[in-house]
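A short write-up of the structure that comes next.
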Amino acid sequence: MNSVNKQQRITEALATVKDPEIASVSIVDLGMIGDVHDENGVVTIHVLPTFTGCPALPIIKRDIVNAVSKLTDVNAVQVEFVYSPAWTTDRITEAGKAGLKEFGIAPPPAQHVLGEPWEIDCPYCNSSYVTMENIFGPTACRSILYCRSCKNPFEAMKPVADLDEIIR
Amino acid sequence: MKALKELIYQLADDDFILAYRGSEWLGLAPHIEEDVAFSSINQDMMGHATMYFQLLEALGEQEADQNAHLRAPEAFRNAVLLEEVNGTGSYLHQPNYDWAFTVVRNYFYSVHKKIRLDSLRLSSYEPLRNVAKKILMEQQYHLMHWEVWFRQLLTSTDEAKRRMTEAMVKVWASFGGVLTLGPYYGEMVKANFIDDENVLKTRWMSAIKKVLNETNTNMLPGEPGMTSGNGRKGEHTTDLQQAIATLAEVYVTNPAVSW
Chain A
6 MNSVNKQQRI
16 TEALATVKDP
26 EIASVSIVDL
36 GMIGDVHDEN
46 GVVTIHVLPT
56 FTGCPALPII
66 KRDIVNAVSK
76 LTDVNAVQVE
86 FVYSPAWTTD
96 RITEAGKAGL
106 KEFGIAPPPA
116 QHVLGEPWEI
126 DCPYCNSSYV
136 TMENIFGPTA
146 CRSILYCRSC
156 KNPFEAMKPV
166 ADLDEIIR
Chain B
8 MKALKELIYQ
18 LADDDFILAY
28 RGSEWLGLAP
38 HIEEDVAFSS
48 INQDMMGHAT
58 MYFQLLEALG
68 EQEADQNAHL
78 RAPEAFRNAV
88 LLEEVNGTGS
98 YLHQPNYDWA
108 FTVVRNYFYS
118 VHKKIRLDSL
128 RLSSYEPLRN
138 VAKKILMEQQ
148 YHLMHWEVWF
158 RQLLTSTDEA
168 KRRMTEAMVK
178 VWASFGGVLT
188 LGPYYGEMVK
198 ANFIDDENVL
208 KTRWMSAIKK
218 VLNETNTNML
228 PGEPGMTSGN
238 GRKGEHTTDL
248 QQAIATLAEV
258 YVTNPAVSW
């Protein structure tokens, strides 16, 4: 009973940690949290990096340690970046997608097939009449698009899919 | 164990050094959209190198930052082609960099990197398999990017075609250094860490042949060469010394500082 409660409190603490470059979305809603182990107050948290060169990773690690260390029955926090399972964009929750949109970033399309064109709607007016300006954007995980309907430039999160499911 | 480490050093150093050469284009790329794209690609590739350095750390090698910054040039295992300067001049003084050379080098390397990763995702060493899968997801975008440049320039003006052809001849002369797995190749293959280098080479040659065919360009003659030495054996040029000296300049002032 107590340990269920503790898991819950750890998850709540993790939900306060935001992506430093997308202030409206927590790392839980981005789907970055893997296994969480608690052994006598030593909490080990597996974190799935989004894009590997992302400079936000050390900041996220620091913020996780700070947030979870505050819990009363936690003595130490270890953050480990893991690549299995790999992070994919379909790990983003509905709340995460809403948060991205609020920030002006179109969420990635669901069920994307690697290498195929994606369908993305404008996060401001929901129009699908958009053009891709640059697959690469201001951060490793984003692309730059332009909405021909409301004439706003916007960003979209690049879709990242699990290759095992595609190549099989 | 030695063969496994040698392989991962090759993978780490190839991405690390080419990402560094790419970063020297920052602010100098042909247009602003390319600046955004290329710097993003270089950032990804530095991330790929970091993952490989972390694998090495887990195998008992130095900590990743130290390994990247403090190694002597002869301990690097990257292909010599990837350390070569972008052109004459330097980043701060008259950088007359060659865009055609950059496009050809990055495109040929991306094609090979994809083929190599497709092999590594079936490697007998599980941590390497996981890293390969992760990198492939990002690398797909890099390959698409360089393929657009490559095809467009090859089917563009006469000047573009001439410059691309010259760059292809130059890259071809030392691309053999990328394709080789070096002195421990037999053990790497025997342990199923990666496919036979001849298999990977055949796949690469046919991929390049197909693209050249589709752009009405003659296939390059013979086999890719290794004119400037075999980086897999620790043979390097002064270009690598210069690269390490520059990229490690701040780090070596005080390796104990945390960034």
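Protein sequence lines correspond, in order, to chains A and B. Using the numbering used here, you'd call the opening residue of the first sequence number 6 and step up by one each time. Using the numbering used here, you'd call the opening residue of the second sequence number 8 and step up by one each time. Beta carbons are placed, not taken as given, at the ideal position from N, Cα and C, and that holds for glycine. All values derive from a computational prediction rather than experimental measurement.
> If you follow the beta strand (DSSP E) that residue 43/A is part of, which residue opens it and which one closes it?
Replying inline: Segment 38 to 44, the beta strand (DSSP E) holding residue 43/A.
>> DSSP has residue 86/A in a bridge; who is on the other side?
In response: 52/A
>> Assuming residue 138/B is part of the alpha helix (DSSP H), what are its boundary residues?
In response: 133 to 161 is the extent of the alpha helix (DSSP H) around residue 138/B.
> Taking buried to mean at least 16 other C-beta atoms within 10 Å of its own C-beta, is residue 134/A buried or exposed?
Replying inline: exposed
> Leaving out the 5 sequence neighbours to the left and right, which residues in its chain are closer than 6 Å to residue 199/B when beta-carbon positions are compared?
Replying inline: 131
>> Residues of chain A with CB closer than 7 Å to the CB of residue 100/B, please, in chain order.
In response: By Cβ distance, chain A contributes nothing, its closest Cβ being about 28 Å from residue 100/B, past 7 Å.
>> Could you give the first and the last residue of the continuous beta strand (DSSP E) run that contains residue 147/A?
In response: 147 to 152
> Where does residue 57/B land, buried or exposed, given buried means 16+ other C-beta within 10 angstroms?
Replying inline: buried
> Going along the region 143 to 166 of chain B in order, which residues come within less than 8 Å of chain A, judged by CB to CB distance?
Replying inline: 143, 144, 145, 147, 148, 151 and 152
> Cβ atoms of residue 186/B and residue 173/B: under 9 Å apart, would you say?
Replying inline: For the 9 Å CB-CB criterion, residue 173/B and residue 186/B do not form a contact.
> residue 178/B versus chain A: which residues are under 8 Å apart at the beta carbon?
Replying inline: Here the premise fails: no neighbours, minimum Cβ distance about 23 Å.
>> Count Cβ pairs between the region 80 to 94 of chain B and the region 45 to 59 of chain B that sit closer than 8 Å; are there 3 or more?
In response: no
>> For chain B, check one thing: does any of its Cβ atoms lie closer than 9 Å to the Cβ of residue 165/A?
In response: yes
>> Suppose you measure from the CA of residue 22/B to the CA of residue 8/A; what does that come to, to the nearest Å?
In response: Those two C-alpha atoms are separated by around 44 Å.
> What distance in whole Å lies between the Cβ atoms of residue 141/A and residue 39/B, which are believed to be in contact at a cut-off of 8 Å?
Replying inline: With 8 Å as the limit, residue 39/B and residue 141/A do not qualify as a contact, their Cβ atoms being about 12 Å apart.
>> So, at 7 Å on beta carbons, what are the nonlocal neighbours of residue 61/A in its own chain, with the 5 sequence-adjacent residues on each side left out?
In response: When the five nearest sequence neighbours on each side are left out, the beta carbons in the same chain lying within less than 7 Å of the beta carbon of residue 61/A are those of 24, 25 and 26, in order along the chain.
>> Going by DSSP, what residue range makes up the beta strand (DSSP E) through residue 158/A?
In response: 158 to 162
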